[in-house]
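Student:
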Amino acid sequence: MFLRKLATVTTFVGLMGSAAYAANCGPEGQSIRILASDFPAIHAVAGTAEENCAGGASEFSTNHTTEARQIMNAALTPNPSEYTSVILANSTLTQLMNDGLVRPLNDLVEKYGENISPNLLITIDGNVMAVAFMANSQHLFSRTDILEQAGFEGIPATYEEVLEAAEMIRAAGIMEHPIVMNLSAGDGGWNLAEVFNMIYLGHGGEFFEPGTAEPAINNEKGLATLEVMKALAGYAHPDHLTHASNETQGLWEAGQAALGVMWGSRGAPILDDEGSSEEVTSNTVLSAAPTVGGGSIPAATLWWDGISIASNVSDEEAEATFAALVSALTPEMVAANNDDAVWLLNGYQPGPAAAGVSATAQGGAKPYPMIPQIGILHAALGKELSDFLKGDESAEQALADVEASYRTSAKEAGFLQ
Amino acid sequence: MKHRTFFWFVLPTLSAMILFIALPIVSVFIQSLFVEHEQVLVVSESCGPFGCNPTTTVDIEATEKLREEQPLGRFNGLGTYFDRSHLALADIGEAWATSESLGEFWSKVYNLPFYNALTFTLAYTFIVTPLVLVLGLAIAVGVNNLPRALKGLAIFISLLPFLVTPLVGSLILFWMVDGDGVIGATIQRLFNDPTLSLKASTPLMWIMLMVYGVWHTLPFSFITFYAGLQTVPEDTMEAAQIDGASKWQSMIHVVVPHLMPLVSFVTLMMIMDNLRVFEPIVSFKAEAHARSLSWIIFNDLRESGNPLYASAGATSLITIIIVVILMMPVLVRTWRDFTRKSH
C-alpha cells in the first residue's frame, strides 16, 4: 500500500528518534515561534515539539489560526520575522517562495533528519524547502446502504458513474439531492475553483502554457470540466454555492447525502461516533477520487502539510526551531494521534478514514501544482465560475472571463507583460 | 470670529484630518499608479511525497534587484483604472460595437466585475436608504405616541439591531433562512416547495441582503428622528390643530418640514453607510449572487500571496469619487440652507 510503503522506508532509523532517547533540540536558549493552521494533526505536531523542546528554549509559542495563509507573507517579511517557522502546504510554500521568505533546509536535514525519509523532502532544484509529514486530498464518500437500495452495484469509480448513481437514487425517490461537494463561492470562491482544478486535472488538463505564465484552460478539457461540474451541481443541495467543508460534513452526518466529494481530513470526524447516527457511520465508505472523461488518474489534487523555516531569522533560531519540530515526527507521536491525519510518517496504521486519500495517491492523482502564479489563476476561477454554475452564462463565456480576469491580475502582479 | 483666532481654533482638527484622511488617500492614489515588477521566472524541478514534476519558480535574486532599483514598482499611470477589473473602457467599447440590442450590451457590461459590483452597490443604496428614512420616521412617531410607561422599553427594543455586530447579525439571519432554519423552513412550508432556497436565487439573495440592511440601520434613523420629534414646537402644533388640520396633515405640513435638516443628515449618513455594504455579503456567503465595491477591494487585498494593491487602491478612489457624486445634491442643499440662514 502506498502509505505503508512510505512509512516503512524509515522503520529502522525511525526507532532512533523514539522517546527512549532524549530529543535532540539543537542550540539552547533560542526563541521558537511557530505559525500554523488550526486542525488536530497540526496541534499534535506543534504540541509534541513543545513538550520535547520548550524546556531548553527561551521562548516557545505557537499561533494556530485559520487565517495563517492570509498573514504568513506579511509576518515573515520583516527581519527578524514574526515567526521562525510556518507549518504550510503545497500552495502556501509557493506563496512564501515567491517572496523568498523560506530558507533551504539541506544542512539542517543532514544534521537532524535521521527521522525523515527522503521522499518527504520537498526539493526544488535540489534545495530542500520543506519537510512533509501528512497528506490530504478530496475524494469520494459513499453511503453503501443507499446505493444498494437504489440498485447501484459497488462504489462509483468514475464521475460518470457518480452521476448515474445519483440519478438512480433520485429516480428511486430516496433523495432529491444525493450529492454533496465543496462548491462554495464564499471567501473568494476558493472551494469552487478547487473543484474545477481537480476535475480539470482528471481530464489531463494543463493550467499554463509550459514554462510561461500564459493561461491555457480555455479549451476542450476546460469545457468538459465545466459540463461535469454543472451536472454534479444539478444533484447537489440547492444551496451548494454556499457549501464548504463544515456544511458538507454537516449534511453528510445528518444523513442527507449519499455521495460526497470531501476532504480526507473530514474522514475521521465523519466516521467517529460523534455528531452522526450509527446508520450513517457504519455505511459510509471512503474511496479514491473518481476518474473522469475516460481518464486514468483520480480527478483530485494531492496536498501535503509540512515544516518550513523562515529566511529572516538567525541561524541559531532556525536550527533550534527545525530540531524541535523534527523531534515531534516520531512513531510515538503518530501512534498517539493515529486517526487525526493521513500521516506520511513511520508507525502510521492507515485505518478506514485514510482509505480515500491513500487510494487517491496510489491511483496517481496529481499534486496541487507548485507554480508561482497558480494562486492568481485559482482566485480568477473562484471569482468567475459562479455565474456559469448559476446558469447565467455559457461555459465558453465563463472560461473566457476566467482568462481575462487572470490576465488582468497577472499583469498587475508582474507575471505577464 | 477673526481669521487668526479661527485658524488656531481649527488647527488641531485640520492637522488631524490631513494626517489621517488626506495623506492616506494621497498614498493610496500613488500606490494605485504602480504595478509589481516583472517576476523573473526560471524553470525548475520540484520533488515531494507524490513524485517529481517540472515547474517554474520566481528568481528571487533577479526580482529583488528590480525591486531595490524601484521600490514602488513599475509606473503604470492610470492603466489600472481602465483595465478590465475597473472601468474597462476597452471592453465596454467592444461590447457596444458587437452588441445588437441594448439588453445584450447591458449583459456584457454587467459581466465585468466592477460594473457588476457597482450595480448591486447602487441598487442596495437606493433601495435601503429611502426605506430606512420612511420606516425610521414611522417608528419614531409611533414610539413618540406611546404611553409614557411603555416608551423606555419600546426605545430599547427598537435600538437592539444596532447593538448587534453586523457580522454576527447577518450570520444569525443566514442560519435562520437556511432550509433547516426557522425562516427558511417556514417559507418552504408556506409555498409548499421543499427545494425552495433563499440562498440559491439571485433576486431572493438581493432581497435578503436589503432586508438585513434595513433591519440593521433602522435604529440609527429612528433614534435621530425620535430626538428631532422632541423639538417640534408645541405652539405650531396647536395652531395647526385649531386650524382643523388632521393628524396626518399636521404630520406632513408641520413635523416633516421641521425635521428636514435631520432628513438631510440621515440621508447623508445612510448613503455613505450603504455604499460600503460589505459584512452581510461575507456572512451570507452571497458572493455568487452579489458583490459590492468594498467586497472587491477586500478580495483584491486577500489574494494572499499576491495582494493587488494597485487594483484595491484604484477601486477605493473610484468609490470615493462615486460617494462625492452621490452626496452632491444633499451637500448642495445643506450649503444653501446654511447661506440662507447666515443672511
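Residue numbers (this note's numbering), protein chains in the order written: chain A, 10 to 426; chain B, 1231 to 1573. Built from N, CA and C at the ideal position, the CB exists for glycine as well.
Please report the straight-line C-alpha distance between Pro1559(B) and Arg1566(B), rounded to a whole angstrom.
Tutor: Rounded to the nearest angstrom, the two C-alpha atoms are 11 Å apart.
Student: Count the other CB atoms within 10 Å of the CB of Asn191(A); is the residue buried (16 or more) or exposed (fewer)?
Tutor: Buried.
Student: Taking Ile380(A) and Phe217(A) to be in contact with their CB atoms under 8 Å, please state how far apart those CB atoms are, rounded to whole angstroms.
Tutor: That pair is a contact at about 7 Å.
Student: So which residues of chain A does Glu1266(B) contact, with C-beta pairs closer than 8 Å?
Tutor: Residues of chain A passing the Cβ test: Glu421, Ala422, Gly423.
Student: Taking 8 Å as the threshold, find out whether the stretch 295 to 303 of chain A comes into contact with the stretch 321 to 333 of chain A through three or more Cβ pairs.
Tutor: No, the stretch 295 to 303 of chain A does not touch the stretch 321 to 333 of chain A.
Student: Taking 8 Å as the CB-CB cut-off, is Ser1400(B) touching chain A?
Tutor: No - not a single Cβ of chain A is within 8 Å of the one on Ser1400(B).
Student: Of all the alpha helix (DSSP H) runs that stay within the bounds of the stretch 127 to 197 of chain A, which reach a length of 4 or more residues?
Tutor: The stretch 127 to 197 of chain A contains these whole alpha helix (DSSP H) runs: 153 to 159, 168 to 180.
Student: Which residue comes first and which comes last in the beta strand (DSSP E) that contains Leu1271(B)?
Tutor: Run containing Leu1271(B): 1271 to 1278, per the beta strand (DSSP E) assignment.
Student: Between the C-alpha atoms of Tyr5(A) and Ala413(A), what's the straight-line distance to the nearest angstrom?
Tutor: In this structure chain A extends from 10 to 426, so residue 5(A) is not present and cannot be described.
Student: In terms of alpha-carbon separation, which member of Ile279(A), Leu311(A), Leu334(A) lies closest to Gln371(A)?
Tutor: Measuring from the Cα of Gln371(A), the nearest candidate turns out to be Leu311(A).
Student: Following the continuous alpha helix (DSSP H) through Asp396(A), name the residue where it begins and the one where it ends.
Tutor: Per DSSP, Asp396(A) belongs to the alpha helix (DSSP H) from 395 to 398.
Student: Can you give the Cα-Cα distance for Phe1356(B) and Thr1454(B), rounded to whole angstroms?
Tutor: Between Phe1356(B) and Thr1454(B), the C-alpha separation is close to 20 Å.
Student: Considering just the uninterrupted stretch of the alpha helix (DSSP H) at Cys62(A), what are its terminal residues?
Tutor: 49 to 62 is the extent of the alpha helix (DSSP H) around Cys62(A).
Student: Give every residue of the same chain whose Cβ lies closer than 7 Å to the Cβ of Thr1351(B), excluding the five residues on either side of it in the sequence, and list them in chain order.
Tutor: Hits under 7 Å: Leu1505, Val1507, Ser1522, Leu1523.
Student: Arg1532(B) touches chain A at which residues, Cβ-Cβ below 7 Å?
Tutor: Ordered by position in chain A, the residues that pass the 7 Å Cβ test against Arg1532(B) are Gln79, Gly197.
Student: How about Ile1219(B): is its C-beta nearer than 8 Å to some C-beta of chain A?
Tutor: Lying before the first or after the last residue shown, residue 1219(B) is absent from chain B, which here runs from 1231 to 1573.
Student: Short of 8 Å in beta carbon distance, which residues of its chain neighbour Ala422(A), apart from the five on each side in sequence? Order them along the chain.
Tutor: Contacts found: Gln382, Ile385.
Student: Quick one: is Gln104(A) near chain B, going by C-beta distance under 8 Å?
Tutor: True, the Cβ-Cβ gap to chain B drops below 8 Å.
Student: Contact check, Phe1514(B) vs Ser1331(B) under 8 Å by CB: the rounded distance?
Tutor: Between Ser1331(B) and Phe1514(B) the Cβ distance is about 33 Å, and since that is not below 8 Å, they are no contact.
Student: Is it the case that the Cβ atoms of Val343(A) and Gly356(A) are separated by a distance below 8 Å?
Tutor: Taking 8 Å as the Cβ cut-off, Val343(A) and Gly356(A) qualify as a contacting pair.
Student: By the DSSP assignment, the beta strand (DSSP E) with Ala45(A) in it spans what residues?
Tutor: Counting along the chain, the beta strand (DSSP E) containing Ala45(A) begins and ends at 40 to 45.
Student: Please report the straight-line C-alpha distance between Lys1338(B) and Ile1552(B), rounded to a whole angstrom.
Tutor: C-alpha separation (whole angstroms): 22 Å.
Student: Cα separation between Val1371(B) and Leu1365(B)?
Tutor: Rounded to whole angstroms, Val1371(B) to Leu1365(B) spans 10 Å at the Cα level.
Student: For the stretch 1290 to 1297 of chain B against the stretch 142 to 149 of chain A, are there 3 or more C-beta pairs whose distance is under 8 Å?
Tutor: Cβ pair count under 8 Å is below three, so no.
Student: Between which two residues does the beta strand (DSSP E) containing Asp314(A) stretch?
Tutor: Note, Asp314(A): beta strand (DSSP E), 310 to 318.
Student: Using DSSP with H/G/I as helix, E/B as strand and the rest coil, what is Asn88(A)?
Tutor: Residue state, collapsed to three classes: coil.
Student: Please specify which runs of the alpha helix (DSSP H), each continuous and at least 4 residues long, are wholly inside the stretch 371 to 417 of chain A, giving them in chain order.
Tutor: Taking only runs of at least 4 residues, the alpha helix (DSSP H) segments lying wholly in the stretch 371 to 417 of chain A are 383 to 393, 395 to 398.
Student: Candidates Phe1280(B), Leu1393(B), Ser1541(B), Phe1495(B): which alpha carbon is nearest Thr417(A)'s?
Tutor: The shortest C-alpha separation from Thr417(A) is found at Ser1541(B).
Student: Short of 6 Å in beta carbon distance, which residues of its chain neighbour Trp1238(B), apart from the five on each side in sequence? Order them along the chain.
Tutor: So the list is empty, once near-sequence residues are dropped.
Student: Can you pull the chain A residues whose beta carbon is under 9 Å from the beta carbon of Phe1421(B), in chain order?
Tutor: What Phe1421(B) touches in chain A: nothing, since even the nearest Cβ is about 14 Å away.
Student: Please say whether Val322(A) and Gly93(A) have beta carbons closer to each other than 8 Å?
Tutor: It should be pointed out that residue 93(A) corresponds to Thr in this sequence rather than to Gly. In this structure, Val322(A) lies closer than 8 Å to Thr93(A) by Cβ.
Student: Using a C-beta cutoff of 8 Å, does Val411(A) count as contacting chain B?
Tutor: Chain B, which has no Cβ nearer than 8 Å to the Cβ of Val411(A), makes this no.
Student: How many angstroms separate the CA atom of Asp349(A) from the CA atom of Val366(A)?
Tutor: Going from the Cα of Asp349(A) to the Cα of Val366(A) covers about 13 Å.
Student: Taking Cβ-Cβ distances below 7 Å as the criterion, which residues of the stretch 130 to 148 of chain A are in contact with chain B?
Tutor: The stretch 130 to 148 of chain A vs chain B, Cβ under 7 Å: Ile131, Thr132, Ile133, Asp134, Ala141, Ala144.
Student: Output needed for Glu60(A): all residues of its chain with C-beta closer than 6 Å, excluding positions within five of it in sequence on either side, in chain order.
Tutor: Once the five neighbours on either side are set aside, Glu60(A) has no close Cβ partner at all.
Student: So, do the stretch 1404 to 1412 of chain B and the stretch 1464 to 1484 of chain B have three or more beta carbon pairs nearer to each other than 8 Å?
Tutor: As far as the Cβ criterion goes, the stretch 1404 to 1412 of chain B does not touch the stretch 1464 to 1484 of chain B, which means the pair count is below three.
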